Every structure is written in C-alpha cells, then in structure tokens.
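Engineer: Before I ask anything, let me first share the structure, which is written out below as structure tokens.
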Amino acid sequence: MSKIFKFLFAFSVAALTSCFSSQLLLFPSNAQLISQASSSTNQSPPASNELLNGVIVAVVSGIIGFLASFAIERLKEKNAPKKQISYSKVIKSGIVGNIEKDIEGKIGILYKGKLAQNMFYALFDIENTGNQQVKNQEIRFEFASDSEILDVFHCPQKIEPEMELKELSESSLSKHEKKFRIGVIKPKEKLGFRFIVQGSQNESLDFRYHTKNDDDVNFIKIEDKRVADDIDQIKSFLLNWLVAFVLFPLMKGVFPYFLNELISPLLSLGSLAIFGFLILPRLEGFIKSVVNLVTKKQSDIQSEKIGLVVMGGSVNVENFAVSSDKNEV
Numbered sequence: 022m023s024k025i026f027k028f029l030f031a032f033s034v035a036a037l038t039s040c041f042s043s044q045l046l047l048f049p050s051n052a053q054l055i056s057q058a059s060s061s062t063n064q065s066p067p068a069s070n071e072l073l074n075g076v077i078v079a080v081v082s083g084i085i086g087f088l089a090s091f092a093i094e095r096l097k098e099k100n101a102p103k104k105q106i107s108y109s110k111v112i113k114s115g116i117v118g119n120i121e122k123d124i125e126g127k128i129g130i131l132y133k134g135k136l137a138q139n140m141f142y143a144l145f146d147i148e149n150t151g152n153q154q155v156k157n158q159e160i161r162f163e164f165a166s167d168s169e170i171l172d173v174f175h176c177p178q179k180i181e182p183e184m185e186l187k188e189l190s191e192s193s194l195s196k197h198e199k200k201f202r203i204g205v206i207k208p209k210e211k212l213g214f215r216f217i218v219q220g221s222q223n224e225s226l227d228f229r230y231h232t233k234n235d236d237d238v239n240f241i242k243i244e245d246k247r248v249a250d251d252i253d254q255i256k257s258f259l260l261n262w263l264v265a266f267v268l269f270p271l272m273k274g275v276f277p278y279f280l281n282e283l284i285s286p287l288l289s290l291g292s293l294a295i296f297g298f299l300i301l302p303r304l305e306g307f308i309k310s311v312v313n314l315v316t317k318k319q320s321d322i323q324s325e326k327i328g329l330v331v332m333g334g335s336v337n338v339e340n341f342a343v344s345s346d347k348n349e350v
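Everything in the sequence shown is counted per the numbering used here, starting at 22 for the first residue and increasing by one.
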C-alpha cells in the first residue's frame, strides 16, 4: 500500500470520527432542545422527559453491560496460562537455477563434496507466542522416504546454551528423518530449522513434522496467529472508540441536571484522554491490521557450501539468492 493511500485512509477515519463524535457530544443538548420544543406544543412535558431519559438509561445500561462482560473475558483470556508455539513451513526449490534439458546429463551438483540431485531447501521456524515457557519440546521432521537430508543448520546459527537444543540420534530414525529436543524456549523466543534435502522427481516437495511434549502445548500456524493478533488489534481499537465517542456522550444524559454540570466536563475530558492516549497512537496499527500487510524475508541459505561439477571440473558458487516468488536463482 502506498503512503498516499495510507494517509488518505487515516485522514478519512479521523474525519469521520471527529464528525460522528461531535454529533454524539451534542446529543444530550439536542435531545433537551427537542424535548423543550415538543413540550411547548404538547402539554405533557414530564411524560416526554421520562420517556427520553428511560431510553437513554436503557441504551447506556446495555452498552455498559456489554463492555463489562467483554472486558472481563479479555482479562481472563490474557491472564490465563497459555503454552503456545507458532510455526511456519516453507519449501524452496531450484536453489541453483534451472538446467537446460540438453545438458542436464553433463552437469552435476556438488554439496559439501557430495554429488546431489533434485535439491531443495526446507525452512521451519517456531516462536513461543504463549505466556509460559515450554520445556522438553521434541520435534521430528520427516521427508519423503526416498529423499536424503544432506545438511541441517539453524537460525540463528549461534544458539544460546540455555535453550538446550539437542539433536537426537535414535536407531529408529532413517536418513530422511531428523529429531530434536528443545530444553527450554521462553516466551517470544524464536528458533529456525534449515534443511538441505536431496529429493526425488517423483515425490512432492513437502515434509511433515511431529511434536511430543508431556505438557499441553498448542502448535499453531504463524498465519493463524497473525490473523488472531489483527482481530485483537481491531477489537481493542473499536472498544476504545466506542467508550470515548458513544458511551461517555450517552452517559451525559443519564444524570440529573445538577450532577450533569459537574460530570459532563469529566466525561468530555475522559473521551479526550482515551482519544489521545489509546486511539490516536494505535491508529497506524489499526490500519495495518485492517489492510493486513504481509512482509517477506529473504532466504538465509548458506551459499558457500554449494558447488557445481561441469564435465569433470568444479566451479564454486559464491553468491546467489533464492526467490520465494518464482523459485528461481
């Protein structure tokens, strides 16, 4: 999204908010004027005032009840212990480019001194998105049965010793499987697994993961987590807007006249404070959540480990990039 469109969208939201809030702030006075005008033509002002006050009280009571229950549920959800790991899985093929069919038989790919074919690059990133640390989390990666894992590394390459990351060597694991145990992963900590795999042309470029933990740990896709975060961001923004520009103005018509003289300025000040401290600073985040911008990261494959073998000779590939859109070098 261009900056001009962002500015126009933000300006439109601010303009509509200001216009609507100004009308709501004048609602009690307008209601009083309407009531006075109707009382001049109708000889029963007490009944009209009571009806108007009853409607306002019912509306305000309903909004207060809804906001109270919503706030309690959000507070319970936020404070509840939650063990959650978000993950993303990406596969990139064609990491050394496309080879013409007529010379395909004359060219081989050398990875760390070993001849390899049909190579692809698998990425699996995890992040502790809960509010509790996760201990003794095991993850087993399983590729196609006729594939072979040529290399494994991590992102970041230097893993903190407190994480206690360990690759498990078990006799039941085959050459297309890898298993790891993470001793401790704290909230907001991230870890990436990287695999260079020699696959088969007959097999689809995919892999499966299997998790094991004695605790109840929820594995969720990072895309689903982002959608949930966007929804929470929008809910919070709209809730603050509802309190500042709907609830507080309506509350001015509930109190008697002698109390309204004192409480009305406080409610107006409260609306202004919510707008300045809770709504305006979160406007950009609200726009981003609505638009749901997606950013892409460049590949971090270790290119220095790859070489080419051409007609018996070797050529080192020093620099290349992986495109996640076209799967080309």
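Every residue, glycine too, gets a C-beta built ideally from N, C-alpha and C.
Note that the coordinates shown come from a computational prediction; the quantities given were computed from them, not determined experimentally.
1) What do you reckon, are the CB atoms on CYS176 and ARG215 nearer than 8 Å?
2) Does the pairing of the stretch 193-207 with the stretch 249-257 give three or more beta-carbon distances under 8 Å?
3) Report the three-state DSSP secondary structure of LYS395 (helix, strand or coil).
4) When DSSP labels each residue in this structure, what does GLU159 get in the three-state scheme?
5) Assuming MET184 contacts ILE217 under a Cβ cut-off of 8 Å, what Cβ separation, rounded to an integer in Å, is found between them?
6) For GLU148, count neighbouring Cβ atoms within 10 angstroms of its own Cβ and tell me buried if that reaches 16, exposed if not.
7) Could you check the C-alpha separation between SER165 and GLU181 for me, to the nearest Å?
8) For SER310, which residues in the same chain have their Cβ closer than 7 Å to its Cβ, ignoring the five residues on either side in sequence?
9) Quick one: using the 10 Å Cβ neighbour count with 16 as the cut-off for buried, is LYS187 buried or exposed?
10) Apart from the five residues on each side of it in sequence, which residues of its chain come closer than 7 Å, Cβ to Cβ, to GLN219?
11) For MET238, tell me which candidate among TYR132, VAL155, VAL267, ARG229 has the shortest Cα-Cα distance.
12) Residue range of the alpha helix (DSSP H) that GLN254 falls in?
13) What three-state label does DSSP hand SER292 in the structure shown?
14) Specify the secondary structure class of ALA101 as computed by DSSP and reduced to three states.
15) Residue ranges of each beta strand (DSSP E) run of no fewer than 3 residues wholly in the stretch 127-181, ordered along the chain?
16) Quick one: is GLN158 buried, meaning 16 or more other Cβ sit within 10 Å of its Cβ, or exposed?
17) Quick one: Cα of ILE243 to Cα of ALA92, how far?
18) Is DSSP giving LEU189 helix, strand or coil here?
19) Taking only the alpha-carbon atoms, compute the straight-line gap between LEU301 and PHE307 and give it to the nearest angstrom.
20) Compute the Euclidean distance between the alpha carbons of GLY134 and ASP245, then round it to the nearest angstrom.
21) According to DSSP, which residues form a beta bridge with PHE240?
22) For LYS273, which of helix, strand or coil comes out of DSSP?
23) Could you work out which residue in SER292, GLY204, SER114, PHE258 is closest to PHE266 when comparing CA atoms only?
Structural biologist: The relevant details are as follows:
1) yes
2) no
3) Residue 395 lies beyond the range of the chain shown here (22 to 350); nothing can be said about it.
4) strand
5) Contact flag wrong, Cβ pair sits at about 23 Å.
6) buried
7) A quick correction: the sequence has Ala, not Ser, at residue 165. Roughly 31 Å between the two C-alpha positions.
8) ASP251, GLN254, ILE255
9) exposed
10) ALA137, GLN138, ASN139, MET140, SER168, GLU169, LEU171
11) According to the sequence shown, residue 238 is Val rather than Met. With distances taken between Cα atoms, VAL238 lies closest to VAL155.
12) 243-263
13) helix
14) coil
15) 128-132, 135-137, 140-149, 155-163, 169-176
16) buried
17) 26 Å
18) strand
19) 10 Å
20) 40 Å
21) ILE106
22) coil
23) SER292
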